[in-house]
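Right, one structure below, let's go through it.
Residue numbers (the working numbering), protein chains in the order written: chain A, 684 to 1133; chain B, 48 to 152.
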């Protein structure tokens, strides 16, 4: 099944909340050379920056401990190298934690290559004139509230980290497909000028970056798009050859399905212009890509194209933007919807009477219109859950929403049940700017001796 | 008589900032021309009018017997600030699948 001149790059996580077990199964049974954990959502780095400001040892992905504890014995034993952005806002701290996990597992002194330089917060402090991509306003408008600023680094610096020979590579912000492209560049000596190969590798990275999304996760539909044994769905890998040929497969014996349909959904996922998917490594064009079922659970990817990368890095700027407060309570039986609507009006009036105001406010009838709105044309369900949420800079106002919703038990229409505790969360908003690559100092430091 | 997008295609939604992208992928390549004719950006914008300000752009992907719809101003300001339950708009693919089109036969 697997030829010797291919390198096999496995996908072990597509978000920090991803399932753990399929990554271990992939390491144990997938015959992989690399295991990549992609664990950073848009605002994760901001959140971890706040953790680090409270405790300088923290700020890496908290899931690092559980993931590495689980897979390290297998990966070290089999010589599977780990690549991950679980370093988040503190890659050096993450490296120390990883080395400690290895030592605790009796695996000895494991070197970790650390990718640094994505944190550009001190650099952009002096670049208030940069324009926010989302609204064209100057960066200056959010600088006072800035928590973090991180450039999406590319595969080149991750590749450099792999050159050190360290069994583990940890980074902060790196573009998702780049984490997968880096092992290919390292193994085969691909340069950014080898555009057809960089294109193929980037397409493969994009297919792998959401793990089970190519193996039947986020896909199944009973009777229409059945997925066998979805409860045990496996994680995918790419078999890559030096010439850029790519076949996507998954853990042998695992559940789920991997075919042209699942791969097509993932290939288009989160792409805007399909002729210009911009990564730090290239501008990928998927408009000629062909996906072919080569064998059961094996899909070949051909004809990816790319143009040279842009001269800028995308930088995510995280900033504090007030609070979101919310509350929920349920109504059931006769006139459930009418009572829920009345309750919502009462809460709104009580909030207003107390002088609370909100930048944004929302009323959902869960079971009816919370996902797609249009309450007027939806059929009435037997029971409905009222949800009210608002965003504000005033923490008290945010808390009052859930407080007043809960108080409907005693002070609202009849038969309210099951209110939740008032919820308040900090809003970590994210906007982005483009920064010339020449201003960013991406570099590699090795902790321990490779 | 009419068909739903659901009858001819599958779909998945993704998010970037305040923009939703929704794929429409034919089960059978022979339906691609019909969808190219009927499932216009305008029709999709109309179906999402109550959820998204737009604009809506459509990218044909004949090689994948698919289309990519990019819908701007669709996610309550984006995943980090949205008050919605489904902050990513993952369920939006089901609004797409429910769109009714004239019967192709």
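Where is the CB? At the ideal position from N, CA and C, for every residue including glycine. Keep in mind that this is a model prediction, so the values were computed, not measured.
On the three-state DSSP scale, how would you describe residue 879(A)?
-> helix
TODO: Note down the Cα distance separating residue 744(A) from residue 889(A), rounded to an integer number of angstroms.
DONE: 21 Å
(Q) Cβ closer than 9 Å: which chain A residues qualify as neighbours of residue 57(B)? (A) 902, 904, 907, 908, 944, 947 and 948
Original post:
What are the boundary residues of the alpha helix (DSSP H) that residue 860(A) is part of?
Top reply: 859 to 871
Roughly how many angstroms lie between the CA atoms of residue 851(A) and residue 862(A), to the nearest whole one?
12 Å
**Message:** Just checking: is the beta-carbon of residue 133(B) within a distance shorter than 8 Å of some beta-carbon in chain A?
**Reply:** yes
message = Please report whether the beta-carbon of residue 1064(A) lies at a distance below 8 Å from any beta-carbon of chain B.
response = no
Which of the residues in the segment 956 to 985 of chain A, read from start to end, lie with their CB under 9 Å from any CB of chain B? 956, 957, 958, 969, 970, 971, 972, 973 and 974
Exercise. For residue 1065(A), count neighbouring Cβ atoms within 10 angstroms of its own Cβ and tell me buried if that reaches 16, exposed if not.
Key: exposed
ask   = Can you list the residues of chain E that residue 820(A) reaches, using a CB-CB cut of under 8 Å?
value = Absent from the structure is chain E; the protein chains it does hold are A and B.
For residue 1122(A), is the classification buried or exposed, using 16 other Cβ atoms within 10 angstroms of its Cβ as the cut-off for buried? exposed
Next item on the list: Could you tell me which of 755(A), 717(A) and 773(A) sits nearest to residue 736(A), measuring between CA atoms?
Entry: 773(A)
**Message:** Can you confirm whether the segment 914 to 934 of chain A touches the segment 1023 to 1041 of chain A when touching is taken to mean that 3 or more C-beta pairs between the two stretches lie within less than 8 Å?
**Reply:** no
Worksheet entry | CB contact below 8 Å: residue 952(A) versus chain B | yes
* Asked: chain B beta carbons: is any one of them nearer than 8 Å to that of residue 1074(A)?
  -> yes
Mapping the DSSP letters down to three states, classify residue 934(A) as helix, strand or coil. coil
query = Measuring CA to CA, which of 1037(A), 703(A) and 997(A) is closest to residue 1116(A)?
reply = 997(A)
Is the segment 938 to 952 of chain A touching the segment 895 to 908 of chain A, taking contact as three or more C-beta pairs under 8 Å? yes
Mind listing which residues of the segment 1039 to 1070 of chain A have their C-beta closer than 8 Å to chain B's C-betas, in chain order? 1043, 1044, 1045, 1047, 1049, 1053, 1054, 1055, 1056, 1057 and 1070
Next on the checklist: Using a Cβ-Cβ cutoff of 7 Å, what residues of the segment 997 to 1008 of chain A are near chain B? List them in chain order.
Outcome noted: 1004 and 1007
Next on the checklist: Taking its Cβ as the centre, do 16 or more other Cβ atoms sit within 10 Å of residue 894(A), making it buried, or is it exposed?
Outcome noted: buried
Q) Taking Cβ-Cβ distances shorter than 7 Å, what residues in chain A pair up with residue 113(B)? A) 947 and 951
query: Which word fits residue 1060(A), buried or exposed, when buried means at least 16 other C-beta atoms lie within 10 angstroms of its C-beta?
result: exposed
**Message:** By DSSP's criteria, residue 668(A) is part of a beta bridge. Which residues make up the other side?
**Reply:** In the structure as shown, chain A starts at 684 and stops at 1133, and residue 668(A) therefore has no counterpart that could be examined.
Note to self: Would residue 950(A) and residue 111(B) qualify as a contact pair, given that the criterion is a beta-carbon distance under 8 Å?
What the structure shows: yes
Q: Name, in chain order, the residues that DSSP records as bridge partners for residue 904(A).
A: 908(A)
Can you list the residues of chain A that residue 110(B) reaches, using a CB-CB cut of under 7 Å? 970, 971, 972 and 973
* Does the beta carbon of residue 1112(A) come closer than 8 Å to any beta carbon on chain B? -> yes
Q) Hey, is residue 65(B)'s beta-carbon within less than 8 Å of any beta-carbon in chain A? A) yes
Discussion item. My output table needs one value for residue 1037(A): the three-state DSSP class, helix, strand or coil.
Written reply: coil
Any chance you could list the beta strand (DSSP E) runs of at least 3 consecutive residues sitting entirely within the segment 755 to 827 of chain A, in chain order? 764 to 767 and 795 to 799
Beta-carbon proximity check, residue 833(A) vs residue 811(A), cutoff 8 Å: no
- Task: Along the alpha helix (DSSP H) that carries residue 737(A), what are the first and last residues, could you check?
- Result: 727 to 737
Spell out a yes or no on whether the segment 984 to 1003 of chain A and the segment 874 to 887 of chain A are touching, meaning 3 or more CB-CB pairs, one atom from each, closer than 8 Å.
yes
| In chain A, what lies closer than 8 Å to residue 72(B) by C-beta? | 944, 947, 948 and 951
Closer than 7 Å: is that where the CB of residue 85(B) sits relative to any heavy atom of the ligand GDP?
The model on display carries no ligand, and the ligand GDP is accordingly not part of it.
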